[in-house]
Every structure is written in C-alpha cells, then in structure tokens.
Amino acid sequence: DQQVKQNSPSLSVQEGRISILNCDYTNSMFDYFLWYKKYPAEGPTFLISISSIKDKNEDGRFTVFLNKSAKHLSLHIVPSQPGDSAVYFCAASTSGTYKYIFGTGTRLKVLA
Amino acid sequence: DVKVTQSSRYLVKRTGEKVFLECVQDMDHENMFWYRQDPGLGLRLIYFSYDVKMKEKGDIPEGYSVSREKKERFSLILESASTNQTSMYLCASSSPGTGTHSPLHFGNGTRLTVT
Numbered sequence: 235d236q237q238v239k240q241n242s243p244s245l246s247v248q249e250g251r252i253s254i255l256n257c258d259y260t261n262s263m264f265d266y267f268l269w270y271k272k273y274p275a276e277g278p279t280f281l282i283s284i285s286s287i288k289d290k291n292e293d294g295r296f297t298v299f300l301n302k303s304a305k306h307l308s309l310h311i312v313p314s315q316p317g318d319s320a321v322y323f324c325a326a327s328t329s330g331t332y333k334y335i336f337g338t339g340t341r342l343k344v345l346a
Numbered sequence: 002d003v004k005v006t007q008s009s010r011y012l013v014k015r016t017g018e019k020v021f022l023e024c025v026q027d028m029d030h031e032n033m034f035w036y037r038q039d040p041g042l043g044l045r046l047i048y049f050s051y052d053v054k055m056k057e058k059g060d061i062p063e064g065y066s067v068s069r070e071k072k073e074r075f076s077l078i079l080e081s082a083s084t085n086q087t088s089m090y091l092c093a094s095s096s097p098g099t100g101t102h103s104p105l106h107f108g109n110g111t112r113l114t115v116t
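Following this line, the structure appears as structure tokens:
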C-alpha cells in the first residue's frame, strides 16, 4: 500500500517557467513533509520541508504548498533552471517516529 | 556540513555470498537508516537504528540484517545475496531534533549487482 504517491513519473519544463511537482498521501497521521532532489549517482539532497501546521513554506526559488484536506502537497520551482533537472522525491513522517515514507519520484527535465 | 560516507560506490557479488555494506556519519547523529532505491518503487526503508545496538525493521527487512556497534557506523548485511537484491542502497542519518522533525542526510549510495 503506497502511502505517499507521486503520480507523474516525469515532467518537462522550459527554462524560466514554473515547475510544479505533485505528491499525494493517504495517511492522515503524517504531520511533516519533505522534498528531496536526486542527481544520478548521488544520494538525495534535502530541499525543503513543511510542517502540517503550515500551508506554505518558501525558500528562494522553491515553495512547498500543503493542502491537508486534500492530502496533497506540491513543490513549485520558479524560475526553473537546467540545473534543476533531477529526480524529486516527496517524503512524509509522523511525530514520534523516525521513519520517513518516500514517494516513487518524479523526473524533472528543464529544457534550455 | 554533515557527511555520510558509504564505503563502496559499486559492488558486484555472486548469489549466495554474504555481503556487508558499510556506512559512517561524522555528525554524531543518533538515527541511522538503510534504504534501497528501485525504479518505479522509490526509496524503501530496510532497517533503521535510533541508538547504538538498537535496531528496528523497516518496510522490507527480509533477507537483510544490520549492526550498530558504534554510534557513527551502521552496517547492512545481506546474509545470502540473491539477484532480487540488486539495487541502489542508500544510507542516511538524522538527529532526533528537539521536538521537531529532522531531515535525513544521505550518502552517495552503493550500487550492488548480484549475479
């Protein structure tokens, strides 16, 4: 049972435009969400996080939105750059546990 | 800056061999994790440890064991390697934080091929 889902395996965006990556979850106990970026042959790198008490968190070009009623979060990258081309994973966790549940990833390609 | 080091980038082993994957972190983190990454399946948790000599099963522990004798080192053991354990293995660490969640810091991964 996939508790964290990224339904789009891939996404292509023109340089300078907005990239929107989506993530859905089923477990209402999740209260902390993260996004990771992964380049080939490297480990995932932490990008941005959001707690369930917020609905938005921004860090430079990256903004994460959380819609608890829809159990949906999204990552917006504006403006997109070719160096953003990578696989993006969302992950979720519940307070009191150390476990993170990851989605299956979305491969973003930013076209120059 | 947190550094998580996995001892091998690439490994090729034969079916039935006992395989050790080593991971060391330098930030005095209490928590350490082993994930495997497979196409279309994302990252799946194999085992984790929240203290020395403590271990907890993740979602896919079958065929694996772990060892945490020292705080900085977390080893993943494949008791008898099989071809379905061919995968990218990722080690991660985190600190418990102070009432808040703490992101995972990953190593660069070990690509294991079992033939």
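The listed protein sequences derive, respectively, from chains W and U. The numbering used here applies: residue 235 is where the first sequence begins, and numbers increase by one. The numbering used here applies: residue 2 is where the second sequence begins, and numbers increase by one. From the three backbone atoms N, C-alpha and C, an ideal C-beta is built for every residue, glycine too.
Item: Please state if the CB of L12(U) and the CB of L113(U) are separated by a distance shorter than 8 Å.; Value: yes
Item: Within 10 angstroms of the Cβ of A320(W), are there 16 or more other Cβ atoms? Answer buried if so, exposed if not.; Value: buried
Item: Decide if M28(U) is buried, meaning its Cβ has at least 16 other Cβ atoms within 10 Å, or exposed.; Value: exposed
Item: Relative to the C-alpha of G257(W), which candidate in F264(W), S303(W), K239(W) has its C-alpha closest?; Value: The sequence shown places Cys at residue 257(W), not Gly. Cα-wise, what sits closest to C257(W) is K239(W).
Item: Mark F21(U) as exposed unless 16 or more other C-beta atoms lie within 10 angstroms of its C-beta, in which case mark it buried.; Value: exposed
Item: Smallest Cα separation from R74(U): which of M89(U), E63(U), D52(U)?; Value: D52(U)
Item: Is the beta carbon of T116(U) sitting closer than 8 Å to the one on R15(U)?; Value: yes
Item: Strictly below 9 Å CB to CB, what residues from chain W border Y48(U)?; Value: Under the 9 Å cutoff, chain W gives no residues; its nearest Cβ is about 11 Å from Y48(U).
Item: Any Cβ of chain W within less than 8 Å of the Cβ of H30(U)?; Value: no
Item: Starting from the beta carbon of L91(U), find every residue of chain W whose beta carbon is closer than 8 Å, and list them in chain order.; Value: G277, P278
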